[in-house]
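Notes follow the structure.
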Amino acid sequence: MRRRDLLGAPLAGAGLAALGAPKLSTYAAEQGVVDSVEVVRLADHAQQVEVLIAPGLGNNAYQMKVRGRNILWAPYASPAELKAKPAQGGNPLLAPWANRIDQDAFFANGKKYLLNPELRNFRRDQNGKPIHGLLLYSSAWELMQVRADEQGAECASRLEFFRYPDLMAQFPFAHTLWVSYRLSGGVLEVRTRIENHAREPMPLSLGYHTYYQVPDVPRDEWKVHVGARGHVVLSRELIPTGETRPVSLPDPVPLGAVQLDDVFTELVRDSAGRAELWVQGAKQKISVLFGPRFTVAVI
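Note that this note's numbering has the sequence shown beginning at 18, numbered continuously upward.
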């Protein structure tokens, strides 16, 4: 597939997938360059949704515009800025562990595995705890597919973890990660698949650290609905103590009045077993739904 500079590419453009077509396609998928960084652009023209993904920067969907307004927050203005000075934003994948671990080690299958800080390939939080895994800004992702048809636009990437000694030194479980982004009917679906090549069971605690924003009012005016009954007690280093207490926050919570980095459980569910948490501005609202198998929310 040919590449082109995607900087400033209009949402209404047909894109590479539709070059030569007699009329504008509903969906487009194209591989190109933004500020010297390889980027994939998925577009749904009918719903006016555009998604930009940087495979070489953690395979992060760093921008998602709906009717011209970005609903994903990021502290950088371009992928080149992210590459030069990595910072969290967009929709980064946290793997092979999400959030914090309480020491430079983890336990699996009755064994203790030590992290090697000399490799300098994991981050620490403000209390010195290892946080958010090994792949946050990884360049090891391979773009395997970029395509669009009448049903949607999608791209797929893989990361062969077992090929990288510095990763295996920290997490010695041979595996492959597959992530696909599919845009259809105004909905962006992200699918994650793990293939364990090891002989032993592989511990896994991955997650996505999605940075949503509602751009119609400033952040301090947002309100958050925490659909949970249990509030996990954390230590001063933000590590769960094993205790919980009832949620005492107002509903909704004015975000300007609190600083949240909290863990909630006992999620309130509907008849289908789904739990809903949401953030709302003046008129815009983003809901996050948790299926029956997801029992903990971090806000």
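The beta carbon of each residue, even a glycine, is placed where N, CA and C say it ideally should be.
{"Query": "Note down the Cα distance separating Met81 from Trp90, rounded to an integer number of angstroms.", "Result": "9 Å"}
{"Query": "According to the neighbour-count rule (16 or more other Cβ atoms, all chains shown, within 10 Å of its Cβ), is Gln297 buried or exposed?", "Result": "buried"}
{"Query": "Identify the continuous beta strand (DSSP E) that holds Lys129 and give its terminal residues.", "Result": "Lys128 to Leu131"}
{"Query": "Got a sec, what are the start and stop residues for the beta strand (DSSP E) Asp183 sits in?", "Result": "No beta strand (DSSP E) holds Asp183; the alpha helix (DSSP H) holding it covers Pro182 to Gln187."}
{"Query": "By the three-class DSSP mapping on this structure, what secondary structure does Gly224 have?", "Result": "strand"}
{"Query": "Label Ala112 either buried or exposed according to how many other C-beta atoms from any shown protein chain fall within 10 Å of its C-beta, with 16 as the threshold for buried.", "Result": "buried"}
{"Query": "So, is the C-beta of Leu255 closer than 8 Å to a C-beta in chain B?", "Result": "The structure shown contains no chain B, having only a single protein chain."}
{"Query": "Find out if the Cβ-Cβ distance for the pair Leu251, Thr261 is shorter than 8 Å.", "Result": "no"}
{"Query": "Can you confirm whether the region 215 to 229 touches the region 110 to 130 when touching is taken to mean that 3 or more C-beta pairs between the two stretches lie within less than 8 Å?", "Result": "yes"}
{"Query": "With which residues is Met219 paired in a DSSP beta bridge?", "Result": "Paired residue(s): none; Met219 is not in a bridge."}
{"Query": "Compare the Cα-Cα distances from Asp166 to each of Val241, Lys300 and Ser42 and report the closest residue.", "Result": "Ser42"}
{"Query": "Can you say whether Leu306 is buried or exposed, counting buried as having 16 or more other CB atoms within 10 angstroms of its CB?", "Result": "exposed"}
{"Query": "State the Cα-Cα distance for the pair Trp195 and Leu272, rounded to the nearest angstrom.", "Result": "35 Å"}
{"Query": "Is it true that the CB of His226 sits closer than 8 Å to the CB of Ile211?", "Result": "no"}
{"Query": "Whole alpha helix (DSSP H) runs in the region 202 to 286 with 4 or more residues, listed along the chain?", "Result": "none"}
{"Query": "By DSSP's criteria, Arg164 is part of a beta bridge. Which residues make up the other side?", "Result": "Glu171"}
{"Query": "Report all residues from its chain with a CB closer than 6 Å to the CB of Pro182; omit the five preceding and five following residues, and keep chain order.", "Result": "none"}
{"Query": "Run through the DSSP bridge pairs and tell me what Phe12 is partnered with.", "Result": "Because the chain is modelled from 18 through 316, residue 12 falls outside the range shown and cannot be assessed."}
{"Query": "Can you tell me whether DSSP reads Pro147 as helix, strand or coil?", "Result": "strand"}
{"Query": "For Tyr198 and Arg86, I'd like the C-alpha separation in whole angstroms.", "Result": "20 Å"}
{"Query": "Can you find the residues in the same chain that come closer than 8 Å, C-beta to C-beta, to Ala97, ignoring five residues on each side of it along the sequence?", "Result": "Val51, Asp52, Ser53 and Val54"}
{"Query": "Name the residue from Leu74, Arg291, Asn133 and Gln120 whose alpha carbon lies nearest to the alpha carbon of Leu99.", "Result": "Leu74"}
{"Query": "Note the first and the last residue of the continuous alpha helix (DSSP H) segment covering Ala97.", "Result": "Pro96 to Ala101"}
{"Query": "What is the C-beta distance between Asp121 and Pro109, in whole angstroms, given that I count them as a contact (C-beta under 8 Å)?", "Result": "So it is not a contact: roughly 22 Å between Cβ atoms."}
{"Query": "Do you know how far the Cα of Pro189 is from the Cα of Arg180?", "Result": "11 Å"}
{"Query": "Who are the Cβ neighbours of Tyr93 in its own chain at under 7 Å, not counting the five residues just before and after it?", "Result": "Leu99, Ala104 and Gly106"}
{"Query": "To the nearest angstrom, how far is it from the Cα of Ala35 to the Cα of Ala46?", "Result": "Below a pLDDT of 50, predicted positions are generally treated as unreliable, and Ala35, at 35, falls in that range; no measurement from the model is reported."}
{"Query": "What are the boundary residues of the beta strand (DSSP E) that includes Leu153?", "Result": "From DSSP, Leu153 is part of no beta strand (DSSP E); its letter is neither H nor E."}
{"Query": "Return yes when the Cβ of Val234 is within less than 8 Å of the Cβ of Ala299, no when it is not.", "Result": "yes"}
{"Query": "Name the two residues that bound the continuous beta strand (DSSP E) containing Val305.", "Result": "Lys302 to Phe307"}
{"Query": "Ends of the beta strand (DSSP E) at Leu74?", "Result": "Neither: Leu74 is in no beta strand (DSSP E) and is coded neither H nor E."}
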